[in-house]
Amino acid sequence: MKKGPVIAIDGPGGVGKTTVSKRVAQSLGFKYINTGAMYRAVALAAKESWVDLSSDVLLQQFCAGMDFRYYVDTGRVEVDGIDYTDRLRSEQAGELASKVSTKKSVRECLVAYQRTLGEEGRVVMEGRDIGTVVFPDADVKIFLDAPHEVRARRRHLELVEKGLAPSSEVGSDLAGRDRRDSEREVSPLKMADDAVRIDTASVNIDEVVKAVLKAVDERLRGGDNRS
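Per the numbering used here, the sequence shown starts with residue 1, numbered consecutively.
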């Protein structure tokens, strides 16, 4: 049972979820939890352990035996004592995570972990299935969205700013992830029926954060503005 409010922020890659979620959490004095970082860390760890990422059985065995730790206060992620945090924003991590996140065993393992963290309440949890699967009873559900070309451009600029070499296939890679996220059998990416949809294409981060905080205020105060 939740001990306080849970704010779910979902959406595809490249809509600004991480930046927005962090700022919303900071404004509210809530904890911030990045579930995408968890899938990326597990994907990298499994690959480096020579696990066949196409095998649900082998991934289930790996997840059952791993020592997984997500530090809410710092956002750092460790698997079997190895800190993967500084490698999570690479294209490789994103691509691998998109593949393993289609596996039922991985999702069941991490969703259970995410629920344990979120049940403490007063959290902003970012992901792709928070409002539909992880916390379908979240107090506030936000779905950030933007056209594919806008998200691909943002992803390219993000990699450049972080000093990472973006692939010439950023757009097609993102499209592939979108397809896997929306078509997977387990926890597909979709907007919850009671979520507030915010199009981030033509507004800046400050405006998106303001819109999210407005929605949070309305929902937590008992409003019902679901446009």
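Glycine is no exception: its CB is placed at the ideal position from the N, C-alpha and C atoms.
So what's Arg197 in DSSP terms, helix, strand or just coil?
Your numbering for residue 197 matches position 197 in the sequence shown. Looking at Arg197 - three-state DSSP - the assignment turns out to be strand.
For Val77, does the three-state DSSP call read helix, strand or coil?
Translated into positions along the sequence shown, residue 77 becomes position 77. Three-state DSSP puts Val77 in a strand.
When the Cα atoms are used, what is the spatial distance from Ala215 to Trp50?
Start at 1 with the first residue of the sequence shown, and residue 215 comes out as number 215. Start at 1 with the first residue of the sequence shown, and residue 50 comes out as number 50. For Ala215 and Trp50, the distance between alpha carbons rounds to 44 angstroms.
In this structure, what does DSSP give as the bridge partners for Leu144?
As a working note, residue 144 is residue 144 in the sequence shown. Bridge partners of Leu144: Ile198.
Of all the options Ala93, Pro5, Tyr39 and Tyr84, which has the alpha carbon lying nearest to the alpha carbon of Gly261?
The requested residue 261 does not occur in the structure, where the chain is confined to residues 1 to 227.
Check for me: the beta strand (DSSP E) holding Val124 runs from which residue to which?
Counting from one through the sequence shown, the residue named residue 124 turns up at place 124. Val124 -> beta strand (DSSP E) spans Val123 to Gly127.
Determine whether the beta carbon atoms of Gly13 and Arg155 lie at a separation below 9 angstroms.
If you number the sequence shown from 1, residue 13 lands on position 13. If you number the sequence shown from 1, residue 155 lands on position 155. Yes. Within cutoff.
Are three or more beta carbon pairs between the stretch 63 to 70 and the stretch 140 to 147 nearer than 8 angstroms?
The answer is no - the stretch 140 to 147 does not touch the stretch 63 to 70, with fewer than three Cβ pairs under 8 angstroms.
For Arg184, name the three-state secondary structure that DSSP assigns.
In the sequence shown, counting from the first residue as 1, residue 184 sits at position 184. In the structure shown, Arg184 sits in coil (DSSP, three-state: anything other than H, G, I, E or B).
Over the uninterrupted alpha helix (DSSP H) stretch that includes Lys47, give me the two end residues.
The residue labelled residue 47 in the question sits at position 47 within the sequence shown. Lys47 -> alpha helix (DSSP H) spans Thr35 to Glu48.
By the 10 Å Cβ neighbour count, where 16 or more other Cβ atoms means buried, how is Val160 classified, buried or exposed?
Here residue 160 refers to the residue found at position 160 when the sequence shown is read from its first residue. It counts as exposed.
Pop quiz: Val209 and Arg23 are said to be a contact at Cβ under 8 angstroms. What is the actual Cβ separation, rounded to whole angstroms?
One-based indexing of the sequence shown puts residue 209 at position 209. One-based indexing of the sequence shown puts residue 23 at position 23. Indeed, because the Cβ distance is near 5 angstroms, the residues count as touching under 8 angstroms.
Which value, in whole angstroms, describes the spacing of the CA atoms of Val111 and Glu169?
In the sequence shown, residue 111 corresponds to position 111, counting from 1. In the sequence shown, residue 169 corresponds to position 169, counting from 1. Roughly 30 angstroms separates the two Cα atoms.
Classify Lys31 as helix, strand or coil using the three-state DSSP reduction.
For the purposes of this step, residue 31 is identified with residue 31 of the sequence shown, where counting begins at 1. Strand at Lys31.
Distance check for Leu117 and Pro188, CA to CA, integer angstroms please.
Reading the sequence shown from its first residue, position 188 is the one you call residue 188. Reading the sequence shown from its first residue, position 117 is the one you call residue 117. Each residue's Cα considered, the two are about 22 angstroms apart.
Applying the 10 Å Cβ sphere with the 16-neighbour rule, what's the burial state of Ser55?
Reading the sequence shown from its first residue, position 55 is the one you call residue 55. Classification of Ser55: exposed, given that the 10 Å Cβ count is below 16.
Give a yes or no on whether the C-beta atoms belonging to Val42 and Val106 are separated by under 9 angstroms.
Here residue 42 is taken as the residue at index 42 of the sequence shown, counted from 1. Here residue 106 is taken as the residue at index 106 of the sequence shown, counted from 1. For Val42 and Val106, yes; Cβs fall inside 9 angstroms.
Report the residue from Gln26, Asp206 and Arg87 whose alpha carbon sits nearest the alpha carbon of Met38.
The residue given as residue 38 occupies position 38 in the sequence shown. Measuring from the Cα of Met38, the nearest candidate turns out to be Arg87.
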